[in-house]
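Participant: Chains as they are written, first to last, in this note's numbering: chain A, 21 to 465; chain B, 21 to 465. Ideal placement from N, C-alpha and C gives every residue a C-beta, glycine not left out. None of the values given here were measured: they were computed from a predicted structure.
Protein chains: 2
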Amino acid sequence: MKVLIVGGNAAGMSAASQIKRQKPGWQVTVLEKGPYISYASCGIPYYIGGQVESAEDLIALSPEAAVKKRGIDLRLQSEVTAIRPGDGEVTVRSGDGETSEPYDYLVLCTGALAQTRGINLEPGERIFTIKDLSDGVAAMGLLDRYQPRKCAVVGGGYIAVEMLEAFRMRGLETHLVHRRPELAKTFEPEVSGAILGEMEGQGIVLNLEHGVEKIAEKDGQVEVHTSRGILAYDLVLIATGVVPNTALAAEAGIQLGVKGSIKVNEFLETSLPRIYAAGDCTETTHLVTGKPVYVPLALKANKEGSMAGANVCGGRRRFPGVLGSALTKFYDLGVGRTGLGLGEAEQAGFDAVKYGITANSKAEYYPGRGDLQILVVAERGTGRVLGAQMMGPVDAVKRIDLYAAIIQRQMTLQEVFDLDLAYAPPFGGVYDPVLLSARVGLKKI
Amino acid sequence: MKVLIVGGNAAGMSAASQIKRQKPGWQVTVLEKGPYISYASCGIPYYIGGQVESAEDLIALSPEAAVKKRGIDLRLQSEVTAIRPGDGEVTVRSGDGETSEPYDYLVLCTGALAQTRGINLEPGERIFTIKDLSDGVAAMGLLDRYQPRKCAVVGGGYIAVEMLEAFRMRGLETHLVHRRPELAKTFEPEVSGAILGEMEGQGIVLNLEHGVEKIAEKDGQVEVHTSRGILAYDLVLIATGVVPNTALAAEAGIQLGVKGSIKVNEFLETSLPRIYAAGDCTETTHLVTGKPVYVPLALKANKEGSMAGANVCGGRRRFPGVLGSALTKFYDLGVGRTGLGLGEAEQAGFDAVKYGITANSKAEYYPGRGDLQILVVAERGTGRVLGAQMMGPVDAVKRIDLYAAIIQRQMTLQEVFDLDLAYAPPFGGVYDPVLLSARVGLKKI
């Protein structure tokens with residue numbers, strides 16, 4: 021059997037490795053258009069910020085190891101330009117020109133692309149996006165070459181938050197330019213407010229409600245034309261989100277779903293036989309609403325890749341869906357979210373209530389405690405938990421995982437309160453903040 | 021209505037506060053034999069160790085606030101010496117001599133006592149136990165008065181571990197004297213080994229397999245007579261566990277259960293009408309085995325107290341039971357446990373398997389990462405998780421709560437692996453250690 025995998029990052033390499041583990045005799049070819057495989061995209065901001073020394077540190081599996089230890093036929097700088105499902109072939113463009121590659125099974129792991137939708141963008145070296153490791157390395161090159169003093173991040177999501185930290189940690193005058201009065205909608209307004217407050221505390225200049233119309237280089241600077249005037253910087257990062265990279269799939273007649281992502285069933289099968297898809301290019305199911313969603317996050321990509329690989333080998337492993345669980349930090353402020361925000365819950369038809377609590381992250385008297393705030397979205401009446409967000413000390417917000425389990429297992433606030441959580445003063449109060457959030461919630465529903 | 025509450029710490033004050041909240045007009049009298057109420061017993065080692073400045077910091081509610089803000093009739097230094105259920109009265113011994121107090125409802129929150137079972141103990145000032153805040157304050161007095169250079173802790177449980185840290189942080193030559201080759205059975209052998217290793221690294225002298233027969237003062241020192249000879253110290257703390265303080269209940273004819281703790285149903289009712297019990301003096305149910313257990317931990321005491329109070333007021337709140345979830349730390353090593361150990365699982369009749377994993381506590385490349393080890397006990401075949409223990413960086417082991425939820429909700433390893441946990445490099449790997457532990461476990465069951 022011959023399996024072709026398009027894309028060599030998290031999903032693609034997980035799929036390839038899984039298949040070679042289960043079927044060592046099969047030929048597994050990974051076609052990666054860029055020079056890198058299997059890297060930690062989420063680590064790029066920490067490389068730019070200086071906490072991670074070298075881009076190499078972000079590479080989980082070297083091309084040599086993929087080939088020699090795992091027996092994967094790895095082809096870098098090889099872009100798949102067409103799929104011919106009828107013939108069971110793809111067209112590959114590489115240094116050798118265009119060739120055809122046949123497949124028995126095809127796994128599409130084409131990921132996502134940085135998007136700059138709605139911005140009239142004139143190409144320029146000082147204007148950049150960050151999606152893959154090449155972008156990260158290129159950004160570092162720009163910082164070295166131009167020695168900027170003043171830079172801006174356009175956008176309000178995770179990458180924007182993390183890159184603002186990275187630039188600030190390098191000592192640059194750093195500006196946020198964002199069209200909304202708050203950060204991205206993934207953050208509830210309270211969380212957004214806390215992050216923006218921390219940004220101000222760190223000297224970030226906040227240009228909120230600045231709709232960006234045009235970005236162009238002029239006289240050795242970058243001009244950002246906004247609804248409130250022109251701002252000028254030495255470098256500008258556009259971090260306004262990503263879109264699934266699915267033109268190839270669409271042209272092959274594969275059915276697309278939410279936001280143009282590839283529609284797959286829980287076994288990661290696309291609408292065409294012998295073609296699977298996994299990772300940032302696929303649609304998935306929201307575990308609370310049951311509705312299709314596009315949530316390009318790393319854990320999903322890794323799990324889907326591995327499961328698609330297992331299913332190519334004849335397995336029937338199911339990817340159940342996501343809650344959109346995510347974490348980030350800005351300096352000493354950690355932030356986590358899982359499940360539905362209030363708006364999402366209402367949109368999904370729930371009679372939802374949102375409330376917040378503030379609790380000590382360690383025992384009140386124990387050194388190093390901080391305030392942990394928890395927002396909970398619950399269904400009125402039943403008390404079923406639909407979503408939660410947290411903000412507080414970096415060492416306190418991994419608790420969001422407890423809420424992920426709570427939501428995924430459809431627990432009620434009473435069931436949360438009944439949990440026998442662990443206590444000692446260096447780790448929390450007798451009633452963990454999660455228990456307190458449940459106790460308070462029982463009076464709100 | 022008149023409610024008497026015997027004992028003014030976690031359970032007692034929780035009950036009293038709950039009743040006054042629901043029934044402001046009722047007379048609620050707390051009879052506390054000592055001088056303190058409502059303090060954080062678990063914080064005492066950190067007071068001795070110097071992380072917490074004053075014993076006052078450990079007091080959650082001052083007597084003045086209990087009386088003035090909550091309207092509780094608080095009587096310190098008032099010991100209940102007898103219950104006469106037939107008459108609905110108790111006998112109280114205080115500075116005023118012996119008096120009788122009638123009750124409509126009685127809530128027993130008599131807590132636990134430090135036990136020194138099996139040790140021939142000659143009374144002496146330099147030999148002490150630590151159970152309540154008076155003990156903590158007294159211990160601090162001993163340290164000031166005797167300025168010891170060399171001290172020992174006899175025992176191998178949580179308090180022993182924490183007090184060894186406390187003495188060592190004060191710069192004392194510190195010895196562990198313990199009868200077993202490992203710490204207490206609540207720690208799986210691997211966890212015990214890690215803690216003992218960390219203790220050696222911090223210069224603690226480990227006298228393991230030293231059964232203690234006799235402890236007595238001699239010539240201004242304390243001699244600890246062990247199965248391996250006599251050891252001499254300036255001060256000796258005995259931390260060999262606690263027993264429920266239930267002589268009063270027993271004499272009144274109230275039914276006792278495991279280890280002499282007071283038998284209560286899920287509504288915290290004892291075997292006698294109008295008498296409730298809550299906290300470290302009661303038996304409860306283990307959430308995995310369904311069997312009665314004696315697990316004196318702070319969260320249970322607080323919840324039971326509050327629920328007993330609510331039920332006195334006519335409520336029907338249920339305390340479901342415990343998993344024995346607990347945390348502690350020794351210097352930079354955090355340790356957590358929940359559910360059953362392998363031995364307990366086998367004893368309960370489960371066909372159990374135990375396995376371990378080691379994972380990065382943060383992304384591999386992110387600064388400050390450490391090794392987090394997770395031990396999982398699961399049922400063979402079904403993959404139901406029965407217990408888990410963790411050891412690693414202090415900021416990583418609060419994850420044990422996730423396992424508490426997993427076990428309490430009777431999840432299988434497959435269901436654990438399917439959880440959509442949150443990821444970002446400063447908080448863990450893409451696959452959180454808990455997900456990795458589930459993935460590995462799926463191959464072991």
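1) So, are the CB atoms of B/Ala-186 and B/Gly-299 less than 9 angstroms apart?
2) Where DSSP assigns a beta bridge to B/Ile-250, which residues make up the other side?
3) Mind listing the chain A neighbours of B/Pro-446? Cutoff is C-beta to C-beta under 9 angstroms, in chain order.
4) Using 8 angstroms as the cut-off, can you tell me whether the stretch 315-335 of chain A makes contact with the stretch 388-403 of chain A, which would need three or more C-beta pairs spanning the two stretches below that distance?
5) For B/Lys-234, decide whether its Cβ has a neighbour in chain A, counting only Cβ atoms nearer than 9 angstroms.
6) Just how far apart, CA to CA, sit B/Glu-142 and B/Tyr-386?
7) Would the beta-carbon of A/Val-48 fall within 9 angstroms of that of A/Ala-31?
8) Around the Cβ of A/Thr-378, are there at least 16 other Cβ atoms within 10 angstroms (buried) or fewer (exposed)?
9) Any idea if A/Lys-89 is buried or exposed, counting beta-carbon neighbours within 10 angstroms, 16 or more meaning buried?
10) Could you give the distance in angstroms between the alpha-carbon of A/Ala-383 and the alpha-carbon of A/Gly-449?
11) Within its chain, find whatever has a CB closer than 6 angstroms to the CB of B/Gly-27; leave out the 5 residues flanking it on each side and keep chain order.
12) Under a Cβ-count criterion, where at least 16 other Cβ atoms within 10 Å of its own Cβ denotes burial, should A/Met-219 be classed as buried or exposed?
13) With 9 angstroms as the threshold, decide whether the Cβ of B/Thr-358 is near any Cβ in chain A.
14) If we define contact as Cβ-Cβ less than 9 angstroms, is A/Lys-418 a contact residue for chain C?
15) Is B/Gly-356 helix, strand or coil by DSSP?
16) Going by DSSP, what residue range makes up the beta strand (DSSP E) through A/Gln-434?
17) Below 7 angstroms on C-beta distance, what does B/Asp-77 contact in chain A?
18) Applying a beta-carbon distance threshold of less than 7 angstroms, which residues of chain B neighbour A/Pro-340?
19) Hey, would you say B/Gly-161 sits closer than 9 angstroms to B/His-198, going by beta carbons?
20) Less than 9 angstroms between the beta carbons of B/Leu-360 and B/Leu-288, yes or no?
21) For B/Ile-426, go through chain A and note every residue whose CB falls closer than 7 angstroms to its CB, in chain order.
22) How long is the line joining the alpha carbons of B/Val-460 and B/Arg-294, rounded to whole angstroms?
23) Which residues in chain A have a C-beta closer than 8 angstroms to the C-beta of B/Asn-322? List them in chain order.
24) For B/Cys-301 and chain A, any beta-carbon pair shorter than 9 angstroms?
25) Any idea what DSSP makes of B/Arg-200, helix, strand or coil?
26) For B/Val-460, which three-state DSSP category applies?
27) For a contact meaning CB atoms closer than 9 angstroms, what does A/Cys-62 contact in chain B?
28) According to DSSP, simplified to helix, strand and coil, what is B/Cys-333?
29) By a C-beta neighbour count over all protein chains shown, 10 Å radius and 16 as the cutoff for buried, is A/Lys-53 buried or exposed?
30) Which residues in chain B have a C-beta closer than 9 angstroms to the C-beta of A/Leu-319? List them in chain order.
31) Say the cut is 8 angstroms; is the CB of B/Leu-96 nearer than that to a heavy atom of the ligand COA?
32) Does the beta carbon of A/Arg-404 come closer than 9 angstroms to any beta carbon on chain B?
33) Can you pull the chain B residues whose beta carbon is under 8 angstroms from the beta carbon of A/Asp-421, in chain order?
34) Within 9 angstroms (strictly less), CB to CB, does B/Ala-31 reach chain A?
35) According to DSSP, simplified to helix, strand and coil, what is A/Ile-235?
36) Using a C-beta cutoff of 9 angstroms, does B/Glu-435 count as contacting chain A?
Facilitator: From the atom records:
1) The residue you call residue 186 of chain B lines up with position 166 of the second sequence. The residue you call residue 299 of chain B lines up with position 279 of the second sequence. Going by C-beta atoms, B/Ala-186 is not nearer than 9 angstroms to B/Gly-299.
2) Sequence index remark: in the second sequence, residue 250 of chain B carries index 230 (1-based). Answer is B/His-245, bridged to B/Ile-250.
3) Taking the second sequence and counting its residues from 1, one reaches residue 446 of chain B at position 426. Chain A residues near B/Pro-446: Tyr-66, Gln-71, Leu-347, Thr-348, Lys-349, Gly-354, Val-414.
4) no
5) Within the second sequence, numbered from 1, the residue matching residue 234 of chain B stands at position 214. Answer no: the Cβ-Cβ gap between B/Lys-234 and chain A never drops below 9 angstroms.
6) Along the second sequence, read from residue 1 onward, the residue named residue 142 of chain B stands at position 122. Along the second sequence, read from residue 1 onward, the residue named residue 386 of chain B stands at position 366. B/Glu-142 and B/Tyr-386: Cα-Cα distance of roughly 54 angstroms.
7) Your numbering for residue 48 of chain A matches position 28 in the first sequence. Your numbering for residue 31 of chain A matches position 11 in the first sequence. Result no, Cβ atoms of A/Val-48 and A/Ala-31 do not sit closer than 9 angstroms.
8) If you number the first sequence from 1, residue 378 of chain A lands on position 358. By the 10 Å Cβ count, A/Thr-378 comes out exposed.
9) In the first sequence, counting from the first residue as 1, residue 89 of chain A sits at position 69. Its Cβ having fewer than 16 others within 10 Å, A/Lys-89 is exposed.
10) Here residue 383 of chain A is taken as the residue at index 363 of the first sequence, counted from 1. Here residue 449 of chain A is taken as the residue at index 429 of the first sequence, counted from 1. Approximately 4 angstroms between the Cα atoms of the pair.
11) Residue mapping note: residue 27 of chain B aligns to position 7 of the second sequence, counting from 1. Excluding residues within five positions, the ones whose Cβ falls inside 6 angstroms are Cys-129, Thr-130, Gly-131.
12) Walking along the first sequence from the start, residue 219 of chain A turns up at place 199. That one is buried.
13) Counted from its first residue, the second sequence places residue 358 of chain B at position 338. Cβ-Cβ to chain A under 9 angstroms: yes for B/Thr-358.
14) Of the protein chains in the structure, A and B, none is chain C.
15) Indexing the second sequence from 1 puts residue 356 of chain B at position 336. Strand, per DSSP.
16) Taking the first residue of the first sequence as position 1, residue 434 of chain A is located at position 414. Where A/Gln-434 is concerned, there is no enclosing beta strand (DSSP E), although the alpha helix (DSSP H) it sits in stretches over 433-437.
17) Within the second sequence, numbered from 1, the residue matching residue 77 of chain B stands at position 57. Within 7 angstroms Cβ-Cβ: Tyr-385.
18) Locating residue 340 of chain A in the first sequence gives position 320, where the first residue counts as 1. Going along chain B in sequence order, the residues near A/Pro-340 (Cβ under 7 angstroms) are Asp-438.
19) For the purposes of this step, residue 161 of chain B is taken as residue 141 along the second sequence, with counting starting at 1. For the purposes of this step, residue 198 of chain B is taken as residue 178 along the second sequence, with counting starting at 1. For B/Gly-161 and B/His-198, no; Cβs fall outside 9 angstroms.
20) Locating residue 360 of chain B in the second sequence gives position 340, counting from the first residue. Locating residue 288 of chain B in the second sequence gives position 268, counting from the first residue. It is not a contact, given that the beta carbons lie outside the stated cut-off.
21) What you label residue 426 of chain B is simply residue 406 of the second sequence in a count that begins at 1. Chain A residues near B/Ile-426: Ala-425.
22) As a position in the second sequence, residue 460 of chain B is number 440, starting the count at 1. As a position in the second sequence, residue 294 of chain B is number 274, starting the count at 1. Distance between the alpha carbons of B/Val-460 and B/Arg-294: 51 angstroms.
23) To locate residue 322 of chain B, count along the second sequence from 1; it is residue 302. In chain order: Val-450, Tyr-451.
24) Residue mapping note: residue 301 of chain B aligns to position 281 of the second sequence, counting from 1. No, because no Cβ of chain A sits closer than 9 angstroms to the Cβ of B/Cys-301.
25) Residue numbering aside, residue 200 of chain B sits at position 180 when the second sequence is read from its first letter. B/Arg-200: coil per DSSP, three-state reduction.
26) In the second sequence, residue 460 of chain B corresponds to position 440, counting from 1. Of the three classes helix, strand and coil, the one that applies to B/Val-460 here is helix, per DSSP.
27) Stepping through the first sequence from its first residue, residue 62 of chain A is reached at position 42. By Cβ distance, chain B contributes Ala-383, Tyr-443, Ala-444, Pro-445, Val-450.
28) On the second sequence, position 313 is the one that residue 333 of chain B refers to. Looking at B/Cys-333 - three-state DSSP - the assignment turns out to be coil, as it is neither helix nor strand.
29) Looking up residue 53 of chain A in the first sequence gives position 33. Counting Cβ neighbours within 10 Å, A/Lys-53 comes out buried, since at least 16 surround it.
30) Counted from its first residue, the first sequence places residue 319 of chain A at position 299. Chain B residues near A/Leu-319: Asp-440, Leu-441, Ala-442, Tyr-443, Val-450, Tyr-451, Asp-452, Leu-455.
31) This structure lacks the ligand COA; in fact it carries no ligand of any kind.
32) On the first sequence, residue 404 of chain A is found 384 positions in, with the first residue counted as 1. No, A/Arg-404 lies away from the interface with chain B (no Cβ there is under 9 angstroms from its Cβ).
33) As a position in the first sequence, residue 421 of chain A is number 401, starting the count at 1. By Cβ distance, chain B contributes Arg-419, Leu-422, Leu-439, Leu-441, Ala-442, Asp-452, Val-454.
34) Against the second sequence, residue 31 of chain B aligns to sequence position 11. So no, B/Ala-31 is outside the interface.
35) In the first sequence, counting from the first residue as 1, residue 235 of chain A sits at position 215. In this structure, A/Ile-235 counts as strand in the three-state DSSP scheme.
36) Within the second sequence, numbered from 1, the residue matching residue 435 of chain B stands at position 415. Judged by the 9 angstroms Cβ criterion, B/Glu-435 is in contact with chain A.
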